[in-house]
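Enquirer: Quick one: structure below, then a few questions.
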Amino acid sequence: MTQTCPPWLLAANWKMNMDHLQTLEFIRELSILMPEKEAENSGVEMAIFPPFTSLRTAQVFSTSYQVALSLGAQDVSPHPSGAFTGEVSASMLARLGCKYVLVGHSESRKNHHETREELVGKAKNAIASQMTPILCVGEEEKGGEGMEEICSQAEEVFCDLGKEEREKVIVSYEPVWAIGSSVTASPQRISRAASALKADLFKKFGASPRILYGGSVNEGNIESLKGLGLGGFLVGRASLSPAEFTAIFRCLEKGKGLA
Ligand code: 13P
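Residue 70 in our numbering is what sits at position 76 of the sequence shown, and the numbering runs on without skipping anything.
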């Protein structure tokens, strides 16, 4: 099943923040700031990626507070089920209402030493459970060209996916040096990266994935990042505040549609 979403995907990667009580409070505040009807007709899909322990709370209370929010998980097991202590399977996440799963975020790549085979397994299991993997790629160094590095990170997962699986993947360009820093990559660099990824994945696999950007996005810089051929944003720190997340949403809503 192909998942569709509006022109913009605004995704909140909460990382290891927001326990289930804080998640409940976030959703309550969002329901005041962002009436469901407004969000539904906005052309912007909002999604939150809380820690696993907050997913059920997010699922239940976004429904009861009538907040138009999609749900995503920050990681998934590369295995479908079985003796894998500490891991969470794709089918478990799907049953909690998750639509998206992050695969290969630079923090997971680094902290868990993820292998290429694991990334492929994560993407495949997410897709088999009707979820959309968001494959994160990003160069380590600020100074270098970086385009080959990000294309090869995407290729090494795409090459082991089938044609139909490739059509379901979203790619998020997240330069490692821009994450958690005080600056985003320049608009020119983001635009170049989005074009390089699109051209490379089309040439090699006939795939045309939606491209997101992540790395120090906030309400002060979102306007400058809108016209770059992107399909959305993956926001870390600035997504922890309902007010700032809503401000980013409103900026995208004004622009409506892929720029
Ligand atoms: P920051 O927005 O805090 O830089 O984090 C971005 C990120 O890691 C998105 O996945």
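The beta-carbon is built from N, C-alpha and C at its ideal position, and this holds for glycine as well.
Is there contact between the region 167 to 174 and the region 135 to 153, where contact requires at least three CB pairs shorter than 8 Å?
Expert: In short, these stretches touch, since the Cβ pair count reaches three.
Enquirer: Leaving aside the five residues before and after I173 along the sequence, list all residues of the same chain whose C-beta is less than 6 Å from its C-beta, in chain order.
Expert: Taking the first residue of the sequence shown as position 1, residue 173 is located at position 179. Cβ neighbours of I173 beyond the five flanking positions: G209.
Enquirer: Can you say whether C153 is buried or exposed, counting buried as having 16 or more other CB atoms within 10 angstroms of its CB?
Expert: Stepping through the sequence shown from its first residue, residue 153 is reached at position 159. Counting Cβ neighbours within 10 Å, C153 comes out exposed, since fewer than 16 surround it.
Enquirer: In this structure, how does DSSP classify S189 when only helix, strand and coil are distinguished?
Expert: Taking the sequence shown and counting its residues from 1, the one referred to as residue 189 is at position 195. If DSSP states are grouped into helix, strand and coil, S189 belongs with the helices.
Enquirer: Could you name the residues that DSSP lists as bridge partners for Y207?
Expert: Counting from 1 along the sequence shown, the entry for residue 207 is found at position 213. Paired residue(s): Y167, F227.
Enquirer: What does a CB cutoff of less than 8 Å around M10 pick up in its chain, not counting 5 residues either side in sequence?
Expert: Taking the first residue of the sequence shown as 1, we reach residue 10 at position 16. Closer than 8 Å at Cβ, skipping near neighbours: P45.
Enquirer: Would you kindly work out how many angstroms separate the C-alpha atoms of K93 and E112, rounded to a whole number?
Expert: Mapped onto the sequence shown, residue 93 falls at position 99. Mapped onto the sequence shown, residue 112 falls at position 118. So the two alpha carbons sit approximately 20 Å from each other.
Enquirer: Could you check whether the Cβ of R231 sits closer than 7 Å to any heavy atom belonging to the ligand 13P?
Expert: Start at 1 with the first residue of the sequence shown, and residue 231 comes out as number 237. Within the cutoff, so yes.
Enquirer: Any idea if D13 is buried or exposed, counting beta-carbon neighbours within 10 angstroms, 16 or more meaning buried?
Expert: Residue 13 sits at position 19 when you count from the first residue of the sequence shown. Its Cβ having fewer than 16 others within 10 Å, D13 is exposed.
Enquirer: DSSP three-state label for N35, please.
Expert: The residue labelled residue 35 in the question sits at position 41 within the sequence shown. Coil.
Enquirer: Using a 10 Å radius around the Cβ and a threshold of 16 neighbouring Cβ atoms, would you call N7 buried or exposed?
Expert: Taking the sequence shown and counting its residues from 1, the one referred to as residue 7 is at position 13. Answer is buried; the Cβ neighbour count reaches 16.
Enquirer: Got a sec? Which residues, its chain only, sit under 7 Å from T(-4) by beta carbon, not counting five neighbours each side?
Expert: Taking the sequence shown and counting its residues from 1, one reaches residue -4 at position 2. Unreliable positioning characterises T(-4) in this predicted model, as indicated by a pLDDT of 43, which lies under 50. A coordinate reading is not provided.
Enquirer: Which residues in the same chain have their Cβ closer than 8 Å to the Cβ of I184, if we skip the five residues on either side of it in sequence?
Expert: As a working mapping, residue 184 is identified with position 190 in the sequence shown. Y167, T178, Y207, L219, L222, L224, listed in sequence order.
Enquirer: Between A241 and the rest of its own chain, which residues show a CB-CB distance below 7 Å, the 5 nearest in sequence each way excluded?
Expert: For the purposes of this step, residue 241 is taken as the residue at position 247 of the sequence shown. Correct list, in chain order: E213.
Enquirer: When the distance is taken between beta carbons, is F199 closer than 8 Å to L4?
Expert: Locating residue 4 in the sequence shown gives position 10, where the first residue counts as 1. Locating residue 199 in the sequence shown gives position 205, where the first residue counts as 1. The answer is no: Cβ separation not under 8 Å.
Enquirer: Could you check whether the Cβ of G98 sits closer than 7 Å to any heavy atom belonging to the ligand 13P?
Expert: Here the question's residue 98 lines up with position 104 in the sequence shown. No.
Enquirer: Measure the alpha-carbon distance for L252 versus V38 and round it to whole angstroms.
Expert: The residue labelled residue 252 in the question sits at position 258 within the sequence shown. The residue labelled residue 38 in the question sits at position 44 within the sequence shown. Any answer about L252 is weak, because its pLDDT of 47 lies below 50 and its placement is not dependable; what the coordinates show is given next. The straight-line gap from Cα to Cα measures roughly 10 Å.
Enquirer: With DSSP as the reference, label N7 as helix, strand or coil.
Expert: Position 13 of the sequence shown holds residue 7. Here N7 sits in strand by DSSP.
Enquirer: Can you tell me where the beta strand (DSSP E) holding T126 begins and where it ends?
Expert: Taking the first residue of the sequence shown as position 1, residue 126 is located at position 132. First-last of the beta strand (DSSP E) with T126: 126 to 131.
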